[in-house]
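In my numbering, the protein residues as written are 176 to 493.
This report concerns only the one structure given below.
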Amino acid sequence: MNQLSRSDLARFPKADLHLHLEGAILPGDLRMLYPRGRRPPLPRSTWPALYRFNGFRGFLRAFAAACQLLQEPADFGRLIPRLVSRLARQGVRRAEVFVSLPVHLRRGLRGESILEAILEKRSAARRKGVDLGFILDGVRQWGAEALEPCVELARRYREQGVLGIGLGGDESSRRPDEFAPLFRRARRFDLHTVMHVGEIGSPEAIERDLRALEPQRLGHALRAAEDPVLLDHLASKCLPVEVAITGNWRMGLLRRPADHPLPRFLEHGVPVVLATDDPAFFRTTLLGEYAQAQRLFGLSPTRMRALARQSLRSSFAP
Ligand SMILES: [Zn+2]
């Protein structure tokens, strides 16, 4: 079948809606953060090992180490211009970036200072053609208490580019009901809500999470593919699913990338948004994800264009 080249794919305006700031730190970013004379909290010799993790646990350790290397709020801001340049080259016009704020609050950093450091980079990003928003991502196993300050901070910085809250972490750890009052409060403040589901959780767990929290977009929802009724439900509700093929594979959730159920999502009419998740750790780019989806599943140029359009349509851009 006729396939589009990477430069064709780069020309489509698109959005990355599932991208973790801490998971997008490349080795070059670390060298930028720690020029000669600034002492890193982890020795430079250990950095390459961060990108060679094994499985889910290994990934969590690597992610935690990357967080540690963000020592002060300004470090978060310093990452943004380089990230934006990379996105702009791929035709990304809109990025909704997760920040794992509870992790940094627990490390003793001030949430306001982190948000101000990243939000002030938005106007420069816009000049490069990339519209940036941020989602404050909770850690499920830490419970509702750890997410609560995020709702308050998101409300305070809503006008400046914080879009809302998310829920990530260990899906099997806490029942969704615990977070329901916070999600309701977020909606009352006109904040957006998203969550990671079905990476490991069963279709029943996905349904339970949806009922309790009513998120506006789902991260992964991989196992929804096991249940055609659930897929039809996602389609009828127009609930976008953020699909990160390389990430799911590198986490050991798929034997090979071609095992991703993307075609099943599309057959059922689920709005699919291709995404990178943690591009530095998964060694991928959004363009790479588009090229891979096209190649693995033989998607037509019309379908590829529709996926790019779907990503923009599923964004929280006004
Ligand atoms: Zn994620």
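Backbone N, C-alpha and C define an ideal beta-carbon position, used for all residues, glycine too.
Note that the structure is a prediction, hence the values are computed from the model and not measured.
A direct Cα-Cα distance of roughly 7 Å separates L208 from D250.
Here the C-alpha atom of V274 lies approximately 7 Å from the C-alpha atom of E197. Pairing G304 with R257 gives a Cβ-Cβ distance that is not under 9 Å.
It is roughly 12 Å from the alpha-carbon of E417 to the alpha-carbon of E271.
For E389, no beta strand (DSSP E) run applies, since DSSP gives it neither H nor E.
G376 has its CB no nearer than 8 Å to any heavy atom of ligand 1.
Per DSSP, reduced to three states, the secondary structure at F472 is helical. DSSP places L405 in the helix class (H, G or I) of the three-state scheme. Restricting attention to R425, D434, L429 and F440, the CA atom closest to the CA of P415 is found in F440. The Cβ atoms of H443 and L406 lie closer than 9 Å to each other.
Approximately 7 Å separates the beta-carbon atoms of L461 and L449; this is inside 8 Å, confirming the contact. The beta carbon of E287 sits closer than 6 Å to none of the beta carbons in its chain outside the five residues before and after it. Here DSSP, grouped into helix, strand and coil, assigns M370 to strand.
Under the 10 Å beta carbon count, A492 is surrounded by fewer than 16 other beta carbons and is classified as exposed. In the assembly as shown, A400 is a buried residue. Its beta-carbon has 16 or more other beta-carbons within 10 Å. T477 sits exposed, since fewer than 16 C-beta atoms from the chains shown fall within 10 Å of its C-beta. Short note on D345: C-beta not closer than 8 Å to any heavy atom of ligand 1. Taking the CA atoms as reference points, R362 sits about 29 Å from F238.
Taking C-beta separations shorter than 6 Å and ignoring five residues to either side along the sequence, the partners of A387 in its chain run P351, D352 and A355, following chain order. For F457, there is no enclosing beta strand (DSSP E); the enclosing alpha helix (DSSP H) covers residues P454 to F457. Taken through DSSP and simplified to helix, strand or coil, R264 comes out as helix. By the criterion of a C-beta distance shorter than 6 Å, Q178 is surrounded in its chain by Q469, once the five residues flanking it on both sides are discounted. The three-state secondary structure of D250, taken from DSSP, is helix. Counting along the chain, the unbroken alpha helix (DSSP H) around E320 starts and ends at G318 to R331. In the structure shown, F228 falls within a coil segment according to DSSP collapsed to helix, strand and coil.
Counting only runs that start and end inside the segment 403-452, the beta strand (DSSP E) elements of at least 3 residues fall at 416-418 and 447-449.
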